[in-house]
Amino acid sequence: MNQDKEKEPQTINKPLRNWRFRFIKNIIMPFSFIIVILFAWEAYGVVFGENRLLPPPSRIINAFVETRELLFFHAKYTLIEAAMGFLLAFLVSVFLALLIDHFKLLKQAIYPLLVISQTVPIVAIAPLFIVLFGFGILPKVIVVALMCFFPIVISMVEGLQAADKDMVDLLRVMDASNWQIFRLVRFPAALVSIFSGIKIAAAYSVMGAVIGEWVGARYGLGLFMILVQKSFRTDQMLAAIAVITAASLLLFGAMELLQRLLMPWYYSKGDGEDIFVDQKRERKVVNEEEG
Amino acid sequence: MPEPLIEINGISKSFKGPEGILPTLREINMSIEKGSFVSIIGPSGCGKSTLFNIICGLITPDTGSVVIEGKNVTGQRGVVSYMPQKDLLFPWRTIIDNVVIGSLIEGRPVEESKKRARELFGVFGLEGFENSYPATLSGGMRQRAALMRTVLCEKPIMLLDESFGGLDAMTRRNMQAWLLNIWERFQRSVLFITHDIEEALYLSDKVYVLTERPAEVGLELVVDLPRPRVVTSPEFVEYKKKLLAALE
Ligand SMILES: Nc1ncnc2c1ncn2[C@@H]1O[C@H](COP(=O)(O)OP(=O)(O)OP(=O)(O)O)[C@@H](O)[C@H]1O
Ligand SMILES: [Mg+2]
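Note that the protein sequences, when read in sequence, are chains W and Y. Just so we're aligned, residue 136 is where the first sequence starts under this note's numbering, counting upward by one. Just so we're aligned, residue 5 is where the second sequence starts under this note's numbering, counting upward by one.
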């Protein structure tokens, strides 16, 4: 095996370098860009005078500090609705995806309906849910679920079908059952796709709750925004929007974290592939030098 | 005279292609003795992988039968262990979890298999990579891991489909020598597909040459040379000429 040594991946130095590189790429870069924009915005207010319709960041921060208790009070409801709607969407999606995956014919029947369901403007039918289910939390949960289930179902169905046929065959040769093939290959192979759907849905969910609240609610950021809008407090409106963004990012981040926990192999791949590519490149260079 | 372990009797197979029927295999007969190393060599696309797929039960032949240890096992699965052209390690399982997949499927105790597998990581040149994911391994290491998975399936015969096709020449040389070690150590019969005449002669007790599609057995060549073989020896070159002539 000795002659093989130089072909083995060199794991000593690269992870560190990769880690630093990724920190700069994923953390420093986006944040510094946002900060630059915020400063430019603030500077605009200082130079040209404040604009009531677009108050500078400092005013928004002020509004946030002033109304923080009210904001958090409403945000709590919105977050609960978003989380519950998201969960409901997930459960429905798993059920639908398994159904579609198991009965291939059903796919032709259900898929068009799924797509059509997404073309219905939610704002238009949300009042209907209020009429049907009252002013409580339920109609909001339903709106969120309606917005979230689509990306999850699609990503599940397509993920399950995208499994490498040769991997499936490998297990067939071993006389594996359909359930074993599902558990060992098709489901793990679908996870990448499923998580993209889940993350899209998570990012939508808070907005869905706000839309649900917009048409009628007792509590929630949607209600808060309607109230401040009526009194032309754009600064408070923007503060609420900032909270919505933060809440969406929070849910998105939670799903990202979950993915990292459930799919360690997917994230260890980054380093591995780099090394692999590097190796091939090195080998190619050697070959070119030789001939 | 060792008894035949596998007999392939008159296997034919045609596929339905876009331009009508595509005859692929025609009346293939082969026999593989117990514990022997047999290679199949033939032009690209002649139907070698198709023959393997028939032997391992993935597709059924139009005519003919596969007989293993006297039993007709045509179309039956779980009888042989198979290593396809790609390594097909599952990226979501660590190497140790990948190599015991056979016992997992058969419902054998997995912990026991893992214990046995751990002892073999040195033999397969994978020491220290038990808990690594496949993506972090080099091409040669992945092939060895895939072979280890195949060996641990505990079947009397292993089908290896161009296992070293994707490797560079140096790694390939090492892998060949090392494969012979594994073969001697585990006493399995091996049926090996390759494009490489030298590789076939270096490894095999017997070489079958398939013709262009529709493939027939063009030549059955018993290689009667002591191991380890020297690829530059006159006898070796003599065999090489015979194979080259059959492939013309
Ligand atoms: N399921 C299938 N349906 C239709 N045609 C097929 C199918 N499988 C294989 N073929 C055809 O049969 C022929 C033989 O394919 P096969 O993969 O067995 O060749 P091979 O000898 O293994 O080639 P290679 O050396 O490139 O691996 C090819 O022309 C291929 O297109
Ligand atoms: Mg092939």
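We put the beta carbon where it would ideally sit given N, CA and C, even for glycine. Computed from a predicted structure; not experimentally measured.
Asked: At which residues does the beta strand (DSSP E) containing I72(Y) begin and terminate?; Found: T67 to I72
Asked: Taking beta-carbon pairs under 9 Å, can you tell me which members of the region 297-317 of chain W lie near chain Y?; Found: D299, D301, M302, D304, L305, L306, R307, V308, M309, D310, A311, S312 and Q315
Asked: Counting only beta-carbon separations shorter than 8 Å, does G82(Y) have a partner in chain W?; Found: yes
Asked: Just to confirm the assignment: which complete alpha helix (DSSP H) runs, minimum length 4, are found wholly within the region 52-105 of chain Y?; Found: 52-59 and 99-103
Asked: Starting from the C-beta of N76(Y), find all residues in its chain whose C-beta is less than 6 Å away, skip the five residues before and the five after it, and write them out in chain order.; Found: S69
Asked: CA-CA distance, R368(W) and K239(W)?; Found: 54 Å
Asked: When you compare each of G357(W), F270(W), S290(W) and I169(W) to A224(W) by their alpha carbons, which one comes out closest?; Found: S290(W)
Asked: Helix, strand or coil for P232(Y) per DSSP?; Found: coil
Asked: Following a CB-centred definition, is Q89(Y) positioned closer than 7 Å to any heavy atom of ligand 2?; Found: yes
Asked: Name the one or two DSSP bridge partners that I161(Y) has.; Found: S193(Y)
Asked: Just to make sure I have the definition right: I need the residues of chain Y whose C-beta is within less than 9 Å of the C-beta of S403(W). Which are they?; Found: S136, Y137, A139 and T140
Asked: Candidates Y243(Y), L248(Y), E252(Y) and V221(Y): which alpha carbon is nearest G14(Y)'s?; Found: V221(Y)
Asked: Within 10 Å of its beta-carbon, does K245(Y) have 16 or more other beta-carbons around it, so buried, or fewer, so exposed?; Found: exposed
Asked: When you compare each of S53(Y), E31(Y), S43(Y) and S16(Y) to D304(W) by their alpha carbons, which one comes out closest?; Found: S53(Y)
Asked: Should I109(Y) be flagged as near chain W, meaning a C-beta pair shorter than 8 Å?; Found: yes
Asked: Does G405(W) come out as helix, strand or coil in the three-state DSSP assignment?; Found: Confidence at G405(W) is low in this model, with a pLDDT of 46, below 50, so its placement is unreliable and the value that follows should be read with caution. G405(W) falls in the helix class under three-state DSSP.
Asked: Would a check of beta-carbon distances place W400(W) closer than 8 Å to chain Y?; Found: yes
Asked: Thinking C-alpha only, which one of D200(Y), E131(Y) and L156(Y) is nearest P113(Y)?; Found: L156(Y)
Asked: When we look at the beta-carbon of E23(Y) and count the other beta-carbons within 10 Å, is it buried (16 or more) or exposed?; Found: exposed
Asked: Have a look at I63(Y) and N57(Y) and give me their C-alpha separation to the nearest angstrom.; Found: 6 Å
Asked: Taking the alpha carbon of A250(Y) as the point to measure from, which residue in E239(Y), R97(Y), L223(Y) and L9(Y) has its own alpha carbon closest?; Found: L223(Y)
Asked: Near P317(Y), what residues of its chain come up, given a Cβ to Cβ distance below 6 Å and the 5 sequence neighbours on each side ignored?; Found: For chain Y, the structure presents residues 5 to 252; residue 317(Y) sits outside this window and is missing.
Asked: Tell me whether I272(W) is buried or exposed, calling it buried when 16 or more other Cβ atoms sit within 10 Å of its Cβ.; Found: buried
Asked: Considering only the beta carbon of each residue, do I197(Y) and I44(Y) sit closer than 8 Å?; Found: yes
Asked: Report the option in G357(W), V378(W), V320(W) and L385(W) whose CA atom is closest to the CA atom of A338(W).; Found: L385(W)
Asked: Does any residue of chain W bring its CB to less than 8 Å from the CB of L124(Y)?; Found: no
Asked: Does at least one heavy atom of ligand 1 sit under 7 Å from the Cβ of K159(Y)?; Found: no
Asked: In chain order, what residues of the region 27-50 of chain Y put their CB closer than 9 Å to some CB of chain W?; Found: none
Asked: Secondary structure at F19(Y), three-state DSSP: helix, strand or coil?; Found: strand
Asked: State buried or exposed for P247(W), treating a residue as buried only when at least 16 other CB atoms are found within 10 Å of its CB.; Found: exposed
Asked: Please state if the CB of L358(W) and the CB of V378(W) are separated by a distance shorter than 8 Å.; Found: no
Asked: Kindly identify the DSSP beta-bridge partner or partners of S379(W).; Found: Looking at the sequence shown, residue 379(W) is not Ser but Ile. DSSP output for I379(W) lists no bridge partner at all.
Asked: Which partner residues of M34(Y) appear in the DSSP bridge assignment?; Found: I12(Y)
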